[in-house]
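I have placed the structure first, in the form of structure tokens, so that the comments after it can refer back to it.
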């Protein structure tokens with residue numbers, strides 16, 4: 003991209019950080035080996051893609067035997083769908099460390115391709131998985147930095163503590179008022195949005211997230227049902243998604259679910275997301291029919307989580323940017 | 008937008024150049040609250056499964072004040088037609104300070120609002136950075152260091168060469184700076200215009 007002779011052929015991470023990174027990957031593999039979780043390797047290219055409107059898949063084209071006129075293939079944004087097919091086929095608990103790809107995401111803590119650790123635990127609910135995530139992170143960080151004991155807070159609690167609103171009942175105008183009261187400089191066109199989800203994301207990313215997990219692992223759980231993604235929804239008032247996120251020092255590290263196994267519900271959510279893509283003028287994507295077929299066969303009761311390895315290395319190395327912990331970020335790729 | 012529409016907007020003056028958040032980088036000149044600013048910092052934030060935002064710090068090109076603003080990623084913002092030109096200071100006619108582009112010989116007058124406090128550093132023939140918004144000067148940056156003659160200062164103590172202590176000296180442009188005691192009226196000195204501090208005798 004850039005042609006200046008500024009030495010951008012060089013890696014952006016130091017050798018010291020690359021060695022730390024390699025040691026952390028070794029510890030992760032040792033952790034799962036000791037717990038009898040099988041390492042697997044699923045394809046990065048898929049004929050289907052996630053319809054989640056918050057995720058943009060990169061797409062490429064395969065032409066060759068079997069596809070004489072070319073076939074669109076999507077780079078995975080996470081290995082979730084094929085890993086669930088393995089689970090449905092009887093793999094038992096599995097993990098994977100792989101590169102995933104997300105269009106449109108670049109910044110201090112984002113690179114369009116990044117390394118993800120994703121794992122699934124059969125017969126574990128999301129609370130037991132949160133405990134295992136804490137064990138893994140502490141094992142991988144090996145005491146660097148020293149942390150307070152982990153805590154679990156509900157999505158409602160983090161909003162009430164920081165901005166004084168109940169996210170399950172607050173309206174868009176309640177959120178707008180809270181944002182203004184806390185000095186968030188709101189873009190003019192956001193006033194036209196009555197979608198409360200955008201307002202919650204604004205409050206979350208500007209006011210709440212930066213303070214989460216200060217010196218400790220903070221798990222946020224019980225998300226609004228509208229943000230369930232692929233998590234089970236627990237009936238109640240309000241119904242809550244059995245989903246969690248992990249934060250450390252203000253950075254989002256992991257996202258996990260008590261996995262949805264109901265194929266009819268999965269199909270409905272896919273179709274709703276696809277519809278949302280179309281109304282937001284996002285490109286439609288082919289739905290993963292093989293995932294739906296696997297769920298029809300039966301997904302064992304399980305929980306799964308995806309954790310950003312690069313961000314974990316950032317925390318271990320005390321690095322300010324993701325560029326400091328990957329060999330060649332997108333600007334140098 | 009079709010070509011005809013672009014042409015119509017251009018003809019009617021309704022055409023605005025815009026930047027999307029994907030074009031944001033430090034130094035980019037954008038309109039903010041009806042005034043041109045320069046992006047100093049651009050941070051991409053995104054909850055894993057949610058809306059992405061760009062949190063931006065923008066420096067108002069006139070006041071220098073930093074404003075924080077958040078945009079939904081993918082949104083657009085009006086571009087500011089702002090250029091920095093190297094121009095030579097010519098003279099002041101009482102109302103305008105006149106500058107000349109040394110390459111095109113084009114001349115422009117900057118008003119008191121554009122010059123601000125920097126009038127005290129302006130010496131004929133010095134090359135300044137003139138910020139033009141839609142062709143009109145809105146800010147003038149004098150050179151980092153200027154060489155100016157002292158028109159008045161108290162005679163200092165003989166033998167003081169340490170530079171400590173010091174005394175005020177009035178320069179030919181009206182600026183007052185602290186100089187070491189050994190520096191005398193009629194001498195020419197080098198001054199840092201950003202800090203207003205004496206650097207050396209010339």
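Residue numbers (my numbering), protein chains in the order written: chain P, 3 to 335; chain R, 8 to 209. Every residue, glycine too, gets a C-beta built ideally from N, C-alpha and C.
Contact set between residue i and chain R, taken where Cβ atoms lie within less than 9 Å
i, result
"residue 208(P)", "52, 60, 62 and 77"
"residue 120(P)", "Those within 9 Å of residue 120(P) in chain R number zero; the least Cβ separation is about 13 Å."
"residue 41(P)", "None at all; the shortest Cβ gap to chain R is about 23 Å."
"residue 267(P)", "Near residue 267(P) there are no residues of chain R at all, since even the closest Cβ is about 18 Å away, more than 9 Å."
"residue 82(P)", "The contacting residues do not exist; residue 82(P) stays about 12 Å from chain R at best."
"residue 28(P)", "Within chain R, no residue comes near residue 28(P); the closest Cβ sits about 26 Å away, beyond 9 Å."
Endpoints, alpha helix (DSSP H) assigned at residue i
i, result
"residue 35(P)", "17-36"
"residue 141(P)", "128-143"
"residue 200(P)", "198-205"
"residue 38(R)", "Per DSSP, residue 38(R) belongs to no alpha helix (DSSP H); it is in the beta strand (DSSP E), 36-39."
"residue 275(P)", "265-281"
"residue 23(R)", "Taken as a continuous stretch (DSSP letters only), residue 23(R) belongs to no alpha helix (DSSP H), as it is neither H nor E."
"residue 188(P)", "Here residue 188(P) belongs to no alpha helix (DSSP H), and DSSP marks it neither H nor E."
"residue 214(P)", "Unbroken run through residue 214(P): none, as it is neither H nor E."
"residue 45(R)", "Careful: residue 45(R) lies outside any alpha helix (DSSP H), inside the beta strand (DSSP E) at 42-52."
Below-7 Å beta-carbon distance, residue i vs any chain P residue
i, result
"residue 181(R)", "no"
"residue 23(R)", "no"
"residue 109(R)", "no"
"residue 85(R)", "no"
Chain P residues whose Cβ lies nearer than 9 Å to that of residue i
i, result
"residue 41(R)", "Under the 9 Å cutoff, chain P gives no residues; its nearest Cβ is about 12 Å from residue 41(R)."
Neighbouring residues, chain P, relative to residue i (Cβ below 8 Å)
i, result
"residue 285(R)", "As displayed, chain R neither begins before 8 nor continues past 209, which places residue 285(R) out of reach and without an answer."
Outcome for residue i when other beta-carbon atoms lying within 10 angstroms are tallied against a minimum of 16
i, result
"residue 245(P)", "buried"
"residue 64(P)", "exposed"
"residue 329(P)", "exposed"
"residue 29(P)", "exposed"
"residue 132(R)", "exposed"
"residue 185(P)", "exposed"
"residue 132(P)", "buried"
"residue 32(P)", "exposed"
"residue 210(P)", "buried"
"residue 86(P)", "buried"
"residue 325(P)", "buried"
"residue 273(P)", "exposed"
"residue 196(P)", "exposed"
"residue 18(P)", "exposed"
Below-7 Å beta-carbon distance, residue i vs any chain R residue
i, result
"residue 112(P)", "yes"
"residue 203(P)", "yes"
"residue 187(P)", "yes"
"residue 200(P)", "yes"
"residue 261(P)", "no"
"residue 5(P)", "Interpretation of residue 5(P) is limited by its pLDDT of 48, a score under 50 that renders its predicted location unreliable; the figure taken from the coordinates is listed afterwards. Taking Cβ atoms only, chain R never reaches closer than 7 Å to residue 5(P), which makes this a no."
"residue 254(P)", "yes"
Chain-ordered chain R contacts of residue i [CB-CB under 7 Å]
i, result
"residue 108(P)", "51"
"residue 125(P)", "Per Cβ cutoff of 7 Å: no residues; residue 125(P) is ~25 Å from chain R at best."
"residue 273(P)", "None at all; the shortest Cβ gap to chain R is about 18 Å."
"residue 333(P)", "Those do not exist, as residue 333(P) stays about 11 Å from chain R at its closest Cβ, beyond 7 Å."
Residue of the options minimising C-alpha distance to residue i
i, options, result
"residue 20(P)", "145(P), 315(P) and 322(P)", "315(P)"
"residue 123(P)", "67(P), 96(P) and 298(P)", "96(P)"
"residue 48(R)", "37(R), 201(R) and 162(R)", "37(R)"
"residue 84(R)", "35(R), 150(R) and 184(R)", "35(R)"
"residue 186(R)", "31(R), 93(R), 160(R) and 114(R)", "160(R)"
"residue 193(R)", "201(R), 209(R), 52(R) and 200(R)", "209(R)"
"residue 27(R)", "82(R), 66(R), 175(R) and 178(R)", "82(R)"
"residue 283(P)", "125(P), 307(P) and 56(P)", "56(P)"
"residue 96(R)", "105(R), 90(R) and 88(R)", "105(R)"
"residue 298(P)", "308(P), 117(P), 266(P) and 49(P)", "266(P)"
"residue 140(R)", "32(R), 33(R), 44(R) and 31(R)", "44(R)"
"residue 145(R)", "87(R), 55(R), 183(R) and 180(R)", "87(R)"
Residue range of the beta strand (DSSP E) that includes residue i
i, result
"residue 86(P)", "Taken as a continuous stretch (DSSP letters only), residue 86(P) belongs to no beta strand (DSSP E), being part of the alpha helix (DSSP H) at 82-90."
"residue 176(P)", "It is not in any beta strand (DSSP E) - residue 176(P) instead sits in the alpha helix (DSSP H) that spans 174-183."
"residue 107(R)", "104-108"
"residue 92(R)", "89-99"
"residue 176(R)", "174-178"
"residue 116(P)", "115-124"
Contacts that residue i makes with chain R (C-beta to C-beta distance below 8 Å)
i, result
"residue 244(P)", "The contacting residues do not exist; residue 244(P) stays about 14 Å from chain R at best."
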